[in-house]
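Shown next, in structure tokens, is the structure this report addresses.
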Amino acid sequence: MTEALSASKLADLPPEMLDFTLLKPAGALVPRLGRLSIPGRRTLLTPDFLGNTSRGAIPHISQDNFGKTGLDGVYIALEDFIEKHPQKTPPIFKLDTPDPLRRFTALPKDTIFVLGARRQPPIPSANANTNSEIGILTSVGFQVISSEYYAAAARKLQPDIVVGLADIPFGQPTVGLKRKDKMSDRTETWTRDIIAKRSTIDKSEPRFNIFAPILPIAKEVQSWYLEHLLDDMVDKISGVAIYDSHLLDELPEELQHLPRLSFDNPSSPHELLRQVGLGMDLFTVPFVTDATDAGIALDFTFPVPQKTNGTERRSLGMDMWKSEHTESVTPLTDGCKCYACSKHHRAYIQHLLSAKEMLGWVLIQFHNHEILDAFFAGVRNSIDKGTFEQDVATFEAFYEPKLPEKTGQGPRVRGYQFKAQDHGKSTKRNPKAYKSLQVPLNAFHGQQPNPNPDVRDVIDDDALVGLVGMEHVDPTEQLEGLKIEDDRS
Amino acid sequence: MAPVSMPSALRYELLAKCSVTKARAATLHLPHGPVPLPIFMPVATQASLKGLTPEQLEEAGCRLCLNNTYHLGLKPGQATLDAIGGAHKFQSWPHNILTADADVSFQMVSLLKLAKVTEEGVRFLSPHDGTPMLLTPEHSISLQNSIGSDIIMQLDDVIATTSPDLARMTEAMERSVRWLDRCIKAHKYPERQNLFCIIQGGLDLDLRRRCTAEMVARDTPGIAIGGLSGGEAKDAYCKVVDTCTGLLPEKKPRYVMGVGYPEDLVVSVALGADMFDCVWPTRTARFGNAITARGVLNLRNAAYAEDFSPIEEGCQCVCCRSLDEGGLGITRAYIYHVTAKETAGAHLLTIHNVQYQLNLMKQVRQAIIDDRYPTFLKDFFAKLYDDKSKYPQWAVDALKGVGVDLLVD
Ligand SMILES: [Zn+2]
Ligand SMILES: [Zn+2]
């Protein structure tokens, strides 16, 4: 398809309509190139990734610095905004302005907003899904929302894209066949529901685009849902959200033209490449912020760098806690165009982490987003040139298979950061920071940070007070109430 | 004592004096560019200001910030600072830096069991890891020479102003003078770094006068009044500032260390002080506290959950300016939504608070230049308190002493 043709096609669409054009015709299970356009918003060239927000912000990045991340779109979870529900109307629904979610979060006008119910990755909710509700987790505890509520919220918040509700019992290791049938039935009901609710929106009002969920169960088990999706709904949806990338193998022909958002959270760039290779288009990449929190500056390119010396596998990231960086005035990655690399050097970033200064994580976050941005640009280029498959093979041979383990302490735990798996462990993730040692007298100056890792990470007075998340909830308590089996309905 | 001529790396350009109070407006020309006086200096203790990039600090209008000598001595350490070529390069800050030990001294004061002051220096246990440390005037200056800050501070012997021990207070004052001499001697780069003396003497005005005379005789490029902000009564604080500024030469900047509440700033300016620093405006942002002309708002209070107005109406910071004005249009409700949950919320509020403090001083300066500072003071207090009966007595008294009666319109 030519540029001009697609531009004129775009002009004929109603204002909020999403256009997805496959730039490189592709069959099943091959990487594909696409262009996702929504009038008034930045164009996403796919494969690409969305910024994964927390309470409307990219973690560590204040809104005035959002532009420095290079992001074209963001993923936002409704559960981040509705802790007052159901006792009170959540404040965001009282903001009386067009485009309230964008105005409230103060993100740019041209950024694509994708709204889902749950954060990525979602923390299993103690509240089981029912026929009419899904369990969520707000900053004050577990809660449920109905399909109706979700549709109303979407209408009020006016995101560009809404991912339909899916009935998935998160955190449950095995799901019985009966339960799977129910997943399929409920998801179909909810998808029909949001489509119907959207159709009632007046033509003069903004209308969101709907991405239908594809469940992480075998095709046969959700065949009714998929069939009905094709029969009655395919022309009402603008994309699919895929919870298990293996299902790309079995995606019906009639859904092939739609953009595919992955909710099959990748743990590494290799995993991203695998999904891209199967034809995935869009990702939220939680490991970017996870790496940032761990003080790891991502360090990989796709395709791999031309000049290489040595045969050892390269690490996918650099642990910025390491004292080897203390006198290094080089950027995190040579030639990186990110804000951190163009303005600062490793020595400063290492210092900031070791001093527990918040700016350390800010700078690494800029860098990690740029690395991912360049990675996807490289991926698209490689697909375009037809060298993707061999570039992936070289990448896999060149880099270690996993991101480096974290060694340093992360930033103080923010809201939501406890994980269900932490159940049973102490909820105070960061230990108290005072220690008194009897060690020989040192002259004051010229003294370097204590090399003992136990005390290296302790922190000044500032850290003793400071950020605490989830102050009204005791996560342990919540998780004790966690029930996985939800066949009560 | 005979005045010692000392090189200076600054030029104090007096622009205006208030015809009623002792307030002065000036431009201070420093090695990394001119700064307006009076000035509030944000405190970037460990070469970083609470999650803001140096560029964000610059955008808020800051041209002179503080680093802490002692903290930089620990991390990244002198060897690293030497290797990298000083603190400006280390933190990519193209503007001025002032380094001080003062708040360490206060930490020592508060942890006195851990600190022991001898003629040699201060011995203490590092609050970082409990390691015993020795800090001498020579160490302090050597470190500040490595840091390369535009203004460096002498090491002083500080004890709490509230200490009733006059003998110890006298000893501390006299020792601070002797330590200044050691600092002057140790200072390697007087032609590019300005050493400021620090006047001590607690709340005893006689001691303060004696100390001022000794310090002035040493002819440092600038003069600080130290040992305050340690919990003393505000009227006693004002008497010390008033007494010291009365004895200081007109053509030198006067820095009152550790002061930063808005009402303290405007009163201290009326008493003739020019420079201030305080961690409070930026530290408090993290707890959701927004500084405004009508007082401090705690935006973690549920009352703000649905308040869609800017943090402060009319504020020109990037958060408060509307989209139409090229800002972000951040609301109190959004700050409520993120504070203490995402650090970005603290960053936004820090930007606002820094802007508030800098803008306050900008308005103060303009009022002095226009010779309407007394009116400015009256407006300032009228906004901050809804009733004259709520005005703090110390402020009323101190300003009366310099010719401004806040209670008369
Ligand atoms: Zn970079
Ligand atoms: Zn503001």
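Keeping their order, the protein sequence lines are chains F and Y.
Residues in the first sequence are numbered from 1 upward in steps of one, following the UniProt record's numbering.
Residues in the second sequence are numbered from 1 upward in steps of one, following the UniProt record's numbering.
Don't be surprised by glycine CBs; every beta carbon is placed ideally from N, CA and C.
Just so we're clear, the structure is a prediction, and the values are computed from it rather than from any experiment.
Residue i - containing beta strand (DSSP E), residue span
{"i": "Ser-37 (chain F)", "result": "34-37"}
{"i": "Arg-11 (chain Y)", "result": "11-17"}
{"i": "Gly-260 (chain F)", "result": "It should be pointed out that residue 260 (chain F) corresponds to Arg in this sequence rather than to Gly. 260-262 is the extent of the beta strand (DSSP E) around Arg-260 (chain F)."}
{"i": "Val-279 (chain Y)", "result": "Per DSSP, Val-279 (chain Y) belongs to no beta strand (DSSP E) and is neither H nor E."}
{"i": "Ile-210 (chain F)", "result": "209-214"}
{"i": "Lys-116 (chain Y)", "result": "115-117"}
{"i": "Asn-194 (chain Y)", "result": "194-199"}
{"i": "His-32 (chain Y)", "result": "Where His-32 (chain Y) is concerned, there is no enclosing beta strand (DSSP E), given that its DSSP letter is neither H nor E."}
Option in the options with minimal Cα separation from residue i
{"i": "Ser-229 (chain Y)", "options": "Y:Gln-154, Y:Ile-223, Y:Val-259 and Y:Gln-200", "result": "Y:Val-259"}
{"i": "Ala-25 (chain Y)", "options": "Y:Pro-262, Y:Phe-308 and Y:Lys-252", "result": "Y:Lys-252"}
{"i": "Lys-182 (chain F)", "options": "F:Ala-153, F:Val-304, F:Leu-45 and F:Gln-222", "result": "F:Gln-222"}
{"i": "Met-233 (chain F)", "options": "F:Pro-169, F:Thr-284, F:Pro-216 and F:Leu-258", "result": "F:Leu-258"}
{"i": "Thr-343 (chain Y)", "options": "F:Asn-381, F:Pro-121, F:Leu-107 and F:Val-362", "result": "F:Val-362"}
{"i": "Arg-314 (chain F)", "options": "F:Leu-22, F:Lys-68, F:Pro-401 and F:Val-240", "result": "F:Pro-401"}
{"i": "Leu-273 (chain F)", "options": "F:Thr-46, F:Leu-23, F:Leu-95 and F:Asn-129", "result": "F:Thr-46"}
{"i": "Gly-295 (chain F)", "options": "F:Leu-403, F:Leu-71, F:Ala-106 and F:Arg-186", "result": "F:Leu-403"}
{"i": "Glu-250 (chain Y)", "options": "Y:Glu-13, Y:Arg-178, Y:Leu-52 and Y:Val-408", "result": "Y:Glu-13"}
{"i": "Asp-99 (chain F)", "options": "F:Ile-145, F:Pro-86, F:Arg-155 and F:Ala-397", "result": "F:Arg-155"}
{"i": "Ile-123 (chain F)", "options": "F:Lys-68, F:Arg-42, F:Ala-28 and F:Pro-286", "result": "F:Pro-286"}
{"i": "Phe-381 (chain Y)", "options": "Y:Asp-264, Y:Lys-362, Y:Val-241 and Y:Pro-310", "result": "Y:Asp-264"}
{"i": "Lys-180 (chain F)", "options": "F:Leu-157, F:Ser-199 and F:Pro-216", "result": "F:Pro-216"}
{"i": "Arg-35 (chain F)", "options": "F:Glu-250, F:Gly-67, F:Asp-64 and F:Leu-18", "result": "F:Leu-18"}
{"i": "Val-279 (chain Y)", "options": "Y:Arg-178, Y:Tyr-261, Y:Gln-56 and Y:Asn-359", "result": "Y:Tyr-261"}
{"i": "Phe-113 (chain F)", "options": "F:Phe-263, F:Asp-235, F:Tyr-75 and F:Pro-39", "result": "F:Tyr-75"}
{"i": "residue 515 (chain F)", "options": "F:Ala-218, F:Asp-235, F:Asp-202 and F:Glu-220", "result": "Past the boundaries of the shown model lies residue 515 (chain F); chain F is included only from 1 to 489, so the question cannot be answered."}
{"i": "Gly-176 (chain F)", "options": "F:Ser-132, F:Lys-109 and F:Ala-218", "result": "F:Ala-218"}
{"i": "Ile-291 (chain Y)", "options": "Y:Gln-355, Y:Lys-362, Y:Pro-31 and Y:His-71", "result": "Y:Gln-355"}
First and last residue of the uninterrupted alpha helix (DSSP H) at residue i
{"i": "Thr-245 (chain Y)", "result": "234-247"}
{"i": "Leu-358 (chain Y)", "result": "343-369"}
{"i": "Gly-317 (chain F)", "result": "Where Gly-317 (chain F) is concerned, there is no enclosing alpha helix (DSSP H), although the beta strand (DSSP E) it sits in stretches over 317-319."}
{"i": "Pro-374 (chain Y)", "result": "373-384"}
{"i": "residue 490 (chain F)", "result": "Lying outside 1 to 489, the shown extent of chain F, residue 490 (chain F) is not represented and no answer is given."}
{"i": "Thr-105 (chain F)", "result": "100-105"}
{"i": "Met-6 (chain Y)", "result": "No alpha helix (DSSP H) holds Met-6 (chain Y); DSSP gives it neither H nor E."}
Anticipated Cβ contact below 8 Å, residue i with residue j, distance rounded
{"i": "Ala-207 (chain Y)", "j": "Met-257 (chain Y)", "result": "It is Leu, not Ala, that sits at residue 207 (chain Y) in the sequence shown. Actually they do not touch by this definition, with Cβ atoms about 17 Å apart."}
{"i": "Ile-194 (chain F)", "j": "Ala-151 (chain F)", "result": "5 Å"}
{"i": "Leu-155 (chain Y)", "j": "Asp-101 (chain Y)", "result": "6 Å"}
Check your understanding: According to a CB-to-CB cut-off of less than 8 Å, which residues of the stretch 58-71 of chain F neighbour chain Y?
Key -> Ile-58, Pro-59, His-60, Ile-61, Ser-62, Gln-63, Asp-64 and Asn-65
Point to revise | the stretch 302-336 of chain F: positions lying closer than 7 Å to chain Y by Cβ | key: Thr-326, Glu-327 and Val-329
**Study point:** Contact the stretch 392-403 of chain Y vs the stretch 6-21 of chain Y: 3+ CB pairs below 8 Å
**Key:** yes
Check your understanding: Is the number of C-beta pairs between the stretch 148-165 of chain F and the stretch 189-196 of chain F that are closer than 8 Å three or more?
Key -> yes
Review point. Touching or not, the stretch 292-300 of chain Y and the stretch 70-83 of chain F, by the rule of three or more beta carbon pairs under 8 Å?
Key: no
Review point. Using a Cβ cut-off of 9 Å, which residues of the stretch 318-332 of chain Y contact any Cβ in chain F, in chain order?
Key: Val-318, Cys-319, Leu-323, Gly-327, Leu-328, Gly-329, Ile-330 and Thr-331
**Study point:** Touching by the beta-carbon criterion (3+ pairs, under 8 Å), the stretch 128-147 of chain Y and the stretch 69-88 of chain Y
**Key:** yes
Exercise for review: Please determine if the stretch 60-71 of chain Y and the stretch 374-381 of chain F are in contact, where contact requires at least 3 C-beta pairs separated by less than 8 Å.
Suggested key: no
Check your understanding: Taking three-plus beta-carbon pairs below 8 Å as touching, is the stretch 278-294 of chain Y in contact with the stretch 330-344 of chain Y?
Key -> yes
Practice item. Closer than 7 Å, Cβ to Cβ, to anything on chain F: give me those residues from the stretch 78-91 of chain Y, in chain order. Key: Gln-78, Ala-79, Thr-80, Ala-83, Ile-84, Phe-90 and Gln-91
Review point. Got a sec: which bits of the stretch 365-380 of chain Y sit with their beta carbon under 8 Å from any beta carbon on chain F, in order along the chain?
Key: none
Review point. So does the stretch 219-235 of chain Y actually touch the stretch 367-382 of chain Y, counting three or more Cβ pairs closer than 8 Å?
Key: no
Review point. Counting Cβ pairs, one atom from each stretch, are 3 or more of them under 8 Å apart for the stretch 273-285 of chain F and the stretch 382-400 of chain F?
Key: yes
Check your understanding: Relative to chain F, which residues along the stretch 344-356 of chain Y have a C-beta separation below 8 Å, given in chain order?
Key -> Ala-344, Gly-345, Ala-346, His-347, Leu-348 and Ile-351
Review point. For the stretch 195-215 of chain Y, which residues have a CB atom closer than 7 Å to at least one CB atom of chain F, in sequence order?
Key: none
**Study point:** Positions along the stretch 337-364 of chain F whose CB lies within less than 7 Å of some CB in chain Y
**Key:** Lys-343, His-344, Ala-347, Tyr-348, His-351, Leu-352, Ser-354, Ala-355, Glu-357, Met-358, Leu-359 and Val-362
Check your understanding: How do the stretch 308-325 of chain Y and the stretch 23-40 of chain Y stand: do at least 3 beta-carbon pairs fall below 8 Å, yes or no?
Key -> no
Practice item. Check each residue of the stretch 86-100 of chain F: if its Cβ is closer than 7 Å to any Cβ of chain Y, include it; give the result in chain order. Key: Pro-91, Lys-94 and Leu-95
Review point. Just by C-beta distance, which residues in the stretch 249-268 of chain F are closer than 8 Å to chain Y?
Key: none
Point to revise | Any 3 or more C-beta pairs closer than 8 Å across the stretch 200-209 of chain F and the stretch 247-257 of chain F | key: no
Check your understanding: Which of the residues in the stretch 149-164 of chain Y, read from start to end, lie with their CB under 8 Å from any CB of chain F?
Key -> none
Review point. Counting pairs of Cβ atoms below 8 Å between the stretch 330-346 of chain F and the stretch 23-40 of chain F, do you hit three or more?
Key: no
Practice item. Could you tell me whether the stretch 57-75 of chain F touches the stretch 121-140 of chain F, using the rule of 3 or more Cβ pairs below 8 Å? Key: no
Point to revise | Touching by the beta-carbon criterion (3+ pairs, under 8 Å), the stretch 27-40 of chain Y and the stretch 269-279 of chain Y | key: yes
Check your understanding: What residues in the stretch 285-313 of chain Y have a beta carbon less than 7 Å from any beta carbon of chain F?
Key -> Arg-286, Ala-305, Glu-306 and Phe-308
Exercise for review: Could you run through the stretch 51-64 of chain Y and flag, in chain order, every residue whose CB is less than 9 Å away from some CB of chain F?
Suggested key: Gly-51, Leu-52, Thr-53, Pro-54, Glu-55, Gln-56 and Glu-59
Exercise for review: Decide yes or no for the touch test of the stretch 309-326 of chain F against the stretch 339-349 of chain F: beta carbon pairs closer than 8 Å, at least 3 of them.
Suggested key: yes
Check your understanding: For the stretch 386-397 of chain Y, which residues have a CB atom closer than 8 Å to at least one CB atom of chain F, in sequence order?
Key -> none
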